[in-house]
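Undergrad: One structure, pasted below without further comment.
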Amino acid sequence: MTNEKYGLIGKTLVHSYSKEIHEALGRYQYQLFSLAEDEMPDFINARDFRGLNVTIPYKKDVIPLCDEVTDLARGIGAVNTLFWKNASGAGASESISQEDKILVGHNTDYEGFLYAASRAGIDFKGKGVLILGTGGTSLMARRAAADQNAAKIYIASRHPETDPPSGSELQNAGILSTVSYDQLPEIAASIDVIVNTTPVGTFPNNMQQVIRLKDFPGCQAVIDVIYNPFKTALLLEAEKLGLKYTNGLPMLVAQATAAAGYFLGTPGAFQKENQRIIKSMKQRMGNIVLIGMPGTGKSLIGKFLAELTGKTLQDTDAKIEEEAKMTIPEIFEKEGETGFRDRESAICKKLGKERNLIIATGGGAILRPENVDALRQNGTLVHITRSIDKLPTRGRPLSQNIETLKKMEAQRMPLYKAAADITFRNNYTCSRKKLRQRVNTYILEKL
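If you're matching positions, the sequence shown starts at 58 in this note's numbering and goes up one per residue.
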């Protein structure tokens with residue numbers, strides 16, 4: 058692994074995953090450089106780096122600092138990748154003297170965006186496309202949609218009269234126009250693909266939503282460039298409606314591997330790594346959420362999963378008791394079931410935002426749809442099942458005998474099945490060691 062300087066420049070990089078993605082390629086160390094606006098030009102002009110990525114708010118500001126800007130990046134109006142070539146055109150893999158260095162600005166977000174769309178089966182040809190937002194990512198998305206022969210592209214802006222979209226050639230061709238959010242009902246029927254480039258719904262402001270997909274009856278697909286959480290409220294709605302959708306993680310990974318190719322003078326060399334890195338990041342950062350009837354073994358299986366993955370185990374019932382400073386039976390006695398469910402919803406909302414957790418839920422967590430949505434943001438939901446005659450009843454306020462258990466199961470089973478991504482049957486009277494092995498085989502290997 059080379060010691061030359063590679064990295065990302067931006068203003069606030071606390072939640073960036075770029076270091077992890079680039080270093081997963083095993084070719085160089087990658088650093089994060091948080092720069093104030095007055096520091097950025099000097100950093101670039103020092104030219105003490107081999108390759109850089111650029112993020113908010115500097116994608117436009119770096120353009121005049123480049124010796125060359127590719128036609129693609131200039132057409133988009135934003136640069137996210139800086140690499141070197143020499144005066145003869147040789148790439149970074151060649152030895153370049155200081156005086157022959159030419160700093161090139163390029164945009165690999167474009168490649169990442171089209172990769173993410175293709176991976177999700179989303180096509181722009183002949184489609185009406187609505188792009189939410191007017192920033193640098195919006196500039197890239199409109200160019201990509203146009204290059205893929207979209208029939209019409211609308212840019213939704215909160216200030217359309219003072220913030221017209223760039224791309225005069227597209228406007229002149231009648232392909233591109235800007236609309237206010239108040240005007241969206243007028244064009245809703247003509248929209249096939251929606252692209253969110255705004256930050257609405259990003260951590261920590263999860264579950265915010267700039268539009269409702271139900272208002273766009275012809276919508277077939279949704280791209281949300283946000284990747285924290287994995288599923289924004291917009292994508293959760295798309296999932297419920299059966300639409301094609303993708304978050305921003307595939308785009309993030311693909312733009313990074315494309316940039317690595319330019320850094321090292323081998324464009325396209327790392328595209329084959331995209332799927333491996335996407336899967337690895339989802340497994341590492343995602344939550345595993347255990348749902349099921351009381352007494353199915355969620356807490357024990359959660360413990361095994363935590364041991365096997367290194368993720369932190371959180372038990373919603375234990376968190377409720379910890380915050381309430383009461384046992385669950387005491388909460389039911391003093392606050393009733395509604396009071397308990399309100400506490401449970403607050404915990405689901407809190408834990409659902411976090412990452413890299415094993416979450417063992419109470420049996421009734423799925424009774425409120427908002428809990429399922431909160432847990433699905435970053436989680437794979439695993440339904441733990443067990444024969445009803447094997448379920449314990451002691452100390453459980455709502456399941457004190459077999460008859461109440463049967464009624465509860467009849468009510469909840471459709472909800473468990475609807476929410477579950479994976480089902481794990483825990484009916485066996487095997488040793489803890491054997492159960493641990495089954496958890497690894499039938500849960501982890503399916504993620």
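We put the CB at the ideal spot given by N, CA and C, even for glycine.
Starting from the Cα of D372, find the closest Cα among Y238, K355, I120 and V310 and give me that residue.
TA: Walking along the sequence shown from the start, residue 372 turns up at place 315. Here the closest residue by C-alpha is K355.
Undergrad: Can you tell me whether A316 is buried or exposed? The criterion is at least 16 other CB atoms within 10 Å of its CB, across all chains shown.
TA: Translated into positions along the sequence shown, residue 316 becomes position 259. Buried, because 16 or more other Cβ atoms sit within 10 Å of the Cβ of A316.
Undergrad: Check whether the stretch 202-215 touches the stretch 184-193, counting contact only when three or more Cβ pairs, one atom from each stretch, lie closer than 8 Å.
TA: Touching, yes.
Undergrad: Identify the continuous alpha helix (DSSP H) that holds K76 and give its terminal residues.
TA: Walking along the sequence shown from the start, residue 76 turns up at place 19. First-last of the alpha helix (DSSP H) with K76: S75 to E80.
Undergrad: Please tell me whether, using a cut-off of 7 Å, the distance from the CB of L300 to the nearest non-hydrogen atom of the ligand COA is below it.
TA: Of ligands this structure carries none, so the ligand COA is not represented either.
Undergrad: Are at least three pairs of beta-carbons, each pair with one atom in the stretch 59-69 and one in the stretch 105-123, less than 8 Å apart?
TA: Counting Cβ pairs under 8 Å, three or more are found: they touch.
Undergrad: What separation, rounded to the nearest whole angstrom, lies between the Cα atoms of Y319 and N435?
TA: To locate residue 319, count along the sequence shown from 1; it is residue 262. To locate residue 435, count along the sequence shown from 1; it is residue 378. Those two C-alpha atoms are separated by around 32 Å.
Undergrad: If you reduce the DSSP assignment to three classes, tell me which class L492 lands in.
TA: The sequence position of residue 492 within the sequence shown is 435, counting from 1. Helix.
Undergrad: So for K301, helix, strand or coil by DSSP?
TA: Here residue 301 refers to the residue found at position 244 when the sequence shown is read from its first residue. DSSP places K301 in strand when its eight states are reduced to three.
Undergrad: Is A278 helix, strand or coil when you go by DSSP?
TA: The residue given as residue 278 occupies position 221 in the sequence shown. Here A278 sits in strand by DSSP.
Undergrad: Are A137 and K158 closer than 8 Å when you measure CB to CB?
TA: In the sequence shown, counting from the first residue as 1, residue 137 sits at position 80. In the sequence shown, counting from the first residue as 1, residue 158 sits at position 101. The amino acid at residue 137 is misidentified as Ala; the sequence shows Asn. No.
Undergrad: Could you have a look at K447 and say whether DSSP puts it in helix, strand or coil?
TA: As a position in the sequence shown, residue 447 is number 390, starting the count at 1. DSSP places K447 in helix when its eight states are reduced to three.
Undergrad: Please classify T69: does DSSP put it in a helix, a strand, or coil?
TA: In the sequence shown, the residue the question calls residue 69 occupies position 12. Looking at T69 - three-state DSSP - the assignment turns out to be coil, as it is neither helix nor strand.
Undergrad: Can you tell which of G352, P351, L347 and D374 has the C-alpha that lies nearest to the C-alpha of L362?
TA: One-based indexing of the sequence shown puts residue 362 at position 305. For the residues G352, P351, L347 and D374, the minimum Cα distance to L362 belongs to L347.
Undergrad: Bridge partners for G481 per DSSP, in chain order?
TA: Residue mapping note: residue 481 aligns to position 424 of the sequence shown, counting from 1. According to the sequence as given, residue 481 is Phe; it is not Gly. Partner(s): I441.
Undergrad: For S214, does the count of other Cβ atoms within 10 angstroms reach 16, so buried, or fall short, so exposed?
TA: Within the sequence shown, the letter at position 157 stands for residue 214. With 16 or more Cβ atoms within 10 Å of its Cβ, S214 is classed as buried.
Undergrad: With DSSP as the reference, please indicate the residues paired to Q88 in a beta bridge.
TA: Against the sequence shown, residue 88 aligns to sequence position 31. DSSP lists G64 as partners of Q88.
Undergrad: Go ahead and label R200 buried or exposed: buried means 16 or more other beta carbons lie within 10 angstroms of its beta carbon, across all protein chains shown.
TA: To locate residue 200, count along the sequence shown from 1; it is residue 143. So R200 ends up on the buried side.
Undergrad: For the beta strand (DSSP E) that N253 lies in, which residues bound it at each end?
TA: Taking the sequence shown and counting its residues from 1, one reaches residue 253 at position 196. Element bounds for N253: V250 to N253.
Undergrad: Report, in whole angstroms, the separation of the C-beta atoms of K76 and L89, which I expect to be a contact under 8 Å.
TA: Within the sequence shown, the letter at position 19 stands for residue 76. Within the sequence shown, the letter at position 32 stands for residue 89. Yes, K76 and L89 are in contact; Cβ-Cβ is about 6 Å, under 8 Å.
Undergrad: Could you please give the first and the last residue of the uninterrupted alpha helix (DSSP H) stretch that includes Q340?
TA: In the sequence shown, residue 340 corresponds to position 283, counting from 1. Element bounds for Q340: N331 to M342.
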